[in-house]
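Asker:
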Amino acid sequence: MSQLNLTQAERGAEATQMSDEFGPVKGTLSTSRIAMIWLAANLVVTTLLTGTLFVPGLSWLHSIELIITGTLLGATILVLVGNIGTRTGLSTMSLTKGAFGLRGSYVTAIANVVILMGWSWVQAILAGITVDYMVEQVTGFSNPVLFSVLCQLLVVGLAIFGHSGIEKVEPWLALIILSIMGYVFSVVFTDYSVAELTAIKNDPALGWNRMLVLDVVIATSISWTVLSAEFNRLAKSQKAGMIGSGIGYSLSTVLSMTLGATAIGYVALKGLDVNGFDPITIVSAFGFPLAIAIFLSVIATNTMVVYGMVSSILNLSPVKKLRFLPTALIVGAISVVGASWLSMLDKFTHFLTLIGALFVPVFAIMIVDYYLLKKSDYHQDILRGSGGRYWYRNGFNAVAFVVWIVGFLLSFGLSGNAGQFGVTIPVFVFAFFTYWSGMAFLTRKRQTTAVQ
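Numbering (full-length UniProt numbering), first residue to last: 1 to 452.
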């Protein structure tokens, strides 16, 4: 094996045996199976509730337009990074070794685990609050911390089965959630017309504008791109991975955010209190079916999130090989404890900003490095613990880290004045062209030195 742009058949049985531990994976899943995994993953309460933030800050129709536009832009990044996973069989953070260096990838992996852990806490808390509401309505008993922890315990149990468990469970959860979403849409459009939703009066005091909404939608895709190679490497072909993830992610995001925007519009038309990013606001309006959808969506998504954290840790180093089960148990225990931190919900929009600031530059760098600089070909040296062509200087690629840090700072600099151009797109373009030109300059310099 001299390079890693191999077909799945060429990876052999050994890769299958290692699929939940270090090394490349032999993918076997069809387009429809990949699409269903991604569909279930993002039919999730956080994506739904993100849609509730936009109305009535913007009109319902403008919100839908921006949801579709931002999703398609973000899905392009997700699919491109995921395709590298399909071609190489490696996880997302393992792939950062190509651009950031064998040791440099430790930094991106740690950042990834921190972000995913935050996601798991937010989603478990939202599920816990929703379950608590249902139980309280029936029995009068209320303990949201307890139910948040119990929801996350169930997630950890599913994640322990690894990607084989996810393949079996996710498609069924997706079908159930889609059915319930259909019910919610039918309730809304039975009572109100599109014209009535569109006529909801805007509230500029909420502070939303078109570019800010677009940024939030793209940031959602960036938060999922950290797992794109993890799951697209399970695809049997590039076509299956790209089409499956593109359709599955885009459809689930547009449906979820549109449902959120529509549900909160329904609440407003009913004359009820409009509270964005509050599951109880919409559950009280639509009843237990929506609460069940929220619960199942968290189980589906958080299972993938916990698996993604474990995968990132396992693929840190080929030298000190960790086992899947004990790593999953430790990560799972931390995620369960964090699920009791209910006040984290107050920081959700800041959390999304942090995700974008950290990973928009990373994915721009990865796309340039693999498709343009390395010509879609990573050598087997990427599996080494030291030395080889991805060692750069002491295991770190200084150009990648400088661009990453400057891009991170630029994100925060622009966030205070995001009205005209937003944050995500300018930072991505900056990181893309700065890394490309920086590496091209170094290559020319080395070639000139070698000739002399």
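Built from N, CA and C at the ideal position, the CB exists for glycine as well.
#1: With 16 as the cutoff for other CB atoms within 10 Å, does proline 204 come out buried or exposed?
#2: Buried or exposed for valine 131, please, with buried defined as at least 16 other CB atoms from any protein chain shown within 10 angstroms of its CB.
#3: For phenylalanine 441, which residues of its own chain have a beta-carbon under 8 Å away from its beta-carbon, when the five flanking residues on both sides are left out?
#4: Comparing C-alpha positions only, which one of Ala431, Thr281, Ala261, Lys374 sits nearest to residue 459?
#5: Between leucine 342 and proline 144, is the Cβ-Cβ spacing less than 8 Å?
#6: Taking 7 Å as the cut-off, does the CB of valine 155 come closer than this to any heavy atom belonging to the ligand ZN?
#7: Taking the beta carbon of serine 376 as the centre, do at least 16 other beta carbons fall within 10 Å, making it buried, or is it exposed?
#8: What residues are listed by DSSP as bridge partners for arginine 393?
#9: Would methionine 304 and proline 171 qualify as a contact pair, given that the criterion is a beta-carbon distance under 8 Å?
#10: Looking at the structure shown, is leucine 146 part of a helix, part of a strand, or coil, going by DSSP?
#11: What is the rounded straight-line gap between the Cα of alanine 235 and the Cα of alanine 40?
#12: Measure from the alpha carbon of alanine 111 to the alpha carbon of each residue in Ser237, Leu325, Ile200, Ser312, then state which is nearest.
#13: With distances taken between CB atoms, is the gap from threonine 443 to glycine 260 smaller than 8 Å?
#14: Just to confirm, are glycine 407 and isoleucine 222 a CB contact at a threshold of 8 Å?
#15: Can you check whether the CB of glycine 244 is closer than 8 Å to the CB of isoleucine 34?
#16: Within its chain, find whatever has a CB closer than 6 Å to the CB of isoleucine 367; leave out the 5 residues flanking it on each side and keep chain order.
#17: Is it the case that the region 293–310 contacts the region 114–126, given that we only count it when at least three CB pairs across the two stretches are under 8 Å?
#18: Provide the residue span of the alpha helix (DSSP H) that contains isoleucine 160, from first to last.
#19: State whether the region 377–395 contacts the region 88–102, with contact taken as three or more CB pairs (one from each stretch) at a distance under 8 Å.
#20: Decide if serine 94 is buried, meaning its Cβ has at least 16 other Cβ atoms within 10 Å, or exposed.
#21: How many angstroms separate the CA atom of tryptophan 391 from the CA atom of phenylalanine 363?
#22: Start and end of the alpha helix (DSSP H) containing arginine 323?
#23: Out of Phe359, Ile180, Phe286, state which residue places its alpha-carbon closest to the alpha-carbon of threonine 424.
#24: Provide the residue span of the alpha helix (DSSP H) that contains aspartate 215, from first to last.
#25: Can you tell me where the alpha helix (DSSP H) with aspartate 132 in it begins and where it stops?
#26: Whose C-beta lies closer than 6 Å to the C-beta of alanine 263 among residues of the same chain, with five residues either side of it excluded?
#27: Is the region 188–201 close to the region 335–349, with three or more CB pairs under 8 Å?
Answerer: In short, the structure shows the following:
#1: exposed
#2: buried
#3: none
#4: Outside the shown range of the chain, which is 1 to 452, sits residue 459, and nothing can be said about it.
#5: yes
#6: The ligand ZN is not part of the structure shown, which contains no ligands of any sort.
#7: exposed
#8: Phe396
#9: no
#10: helix
#11: 16 Å
#12: Ser312
#13: no
#14: no
#15: yes
#16: Leu80
#17: yes
#18: Segment: none, isoleucine 160 is in no alpha helix (DSSP H) and carries neither H nor E.
#19: yes
#20: buried
#21: 20 Å
#22: Unbroken run through arginine 323: none, as it is neither H nor E.
#23: Phe359
#24: 210–225
#25: 104–139
#26: Ile282
#27: no
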